[in-house]
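Enquirer: Those letters in the sequence shown? Residues 881 to 1080, per the working numbering, in order.
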Amino acid sequence: MVLTQITAALSPMLDRIFMRKPRQGGSTTVLPDGFLTPDEKGQRTSAAKAVNDLLNYYIGVADSKASIFLAGSVTAAGLLLFRYPPGIGSQFLYLAAALLLGISLVCTALVIIPRLPPVDQQAKGGIYWGDIIAHPDVISYGKTFAERASTARLDEDYIILNYKTALILRHKMSMLRIAILCFVTGVTLAILHHATNHAG
């Protein structure tokens, strides 16, 4: 079960590293024209921004938890696995604990490390940072933002941003879940190893 979760969580990253074709159902940077009527009163834009603020709050929570478990993995390994033991049983506990704490360490690091999605040169949004840097200069971006704002289309930009933020959040939560499971199991085995080798 844990191995399946690890594979599922690492697949998008491996796709990028090895330049595999992205899976269907990924994010898009441009919504079709006329997707929404103009948001003249700004109500949809305000609601979409509130959703984005909430998603960013959860991303902050995930990063904070990951930092705690990152430090916990290093500390637990240093305190409980400081000496390689004699005996097959103790060595099994030692190696299993070290492996699980190592996986937890890697997963928490992957939660904290910022993801850099590819820049879409066809982007025309005014809020998502990937769309902003797709513009050749600040003047070009300023014109795009002014056009999006004056035609009440910023809500569409927030929809795109929220979707992409939710994808990032799902990735972070998946990796954090794996990290916590590995940490708890690894610490349990490390305590058993420590107790076995320091009894009496």
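Quick reminder that beta carbons are idealized off the backbone N, C-alpha and C, glycines included.
This structure is a prediction, so every number in the text was calculated from the model and none was measured.
The alpha helix (DSSP H) with residue 1073 in it runs from where to where?
Expert: 1034-1077 is the extent of the alpha helix (DSSP H) around residue 1073.
Enquirer: State the start and end residues of the unbroken alpha helix (DSSP H) segment that holds residue 1025.
Expert: First-last of the alpha helix (DSSP H) with residue 1025: 1018-1030.
Enquirer: What distance in whole Å lies between the Cβ atoms of residue 960 and residue 1071, which are believed to be in contact at a cut-off of 8 Å?
Expert: Residue 1071 to residue 960, Cβ: 6 Å. Contact.
Enquirer: Extract the residue ranges of the alpha helix (DSSP H) inside the region 944-997, only unbroken runs of 4 or more that lie entirely within it.
Expert: Whole alpha helix (DSSP H) segments, 4+ residues: 968-992.
Enquirer: Short check: CB of residue 1066 to CB of residue 970, under 9 Å?
Expert: Not a contact, by the Cβ cut-off of 9 Å.
Enquirer: Buried or exposed: where does residue 972 fall if 16 or more other Cβ atoms within 10 Å of its Cβ makes it buried?
Expert: So residue 972 counts as exposed.
Enquirer: If we call anything under 9 Å between Cβ atoms a contact, is residue 976 one with residue 1049?
Expert: No.
Enquirer: Does the beta carbon of residue 1030 fall short of 8 Å from some heavy atom of the ligand COA?
Expert: What this structure holds is no ligand at all, so the ligand COA is not there to describe.
Enquirer: Would you call the region 975-994 and the region 1011-1031 touching, i.e. three or more CB-CB distances under 8 Å?
Expert: Contact between the region 975-994 and the region 1011-1031 is absent, because fewer than three Cβ pairs lie under 8 Å.
Enquirer: Which residue wins for smallest C-alpha separation from residue 1041, given the options 1053, 981 and 1008?
Expert: Cα-wise, what sits closest to residue 1041 is 1008.
Enquirer: Using the Cα positions of residue 930 and residue 968, report the straight-line distance between them to the nearest angstrom.
Expert: C-alpha separation (whole angstroms): 56 Å.
Enquirer: Considering Cα atoms alone, identify which of 1056, 1073 and 1021 is closest to residue 984.
Expert: If we check each option's Cα against that of residue 984, 1056 comes out closest.
Enquirer: Is DSSP giving residue 1013 helix, strand or coil here?
Expert: Coil.
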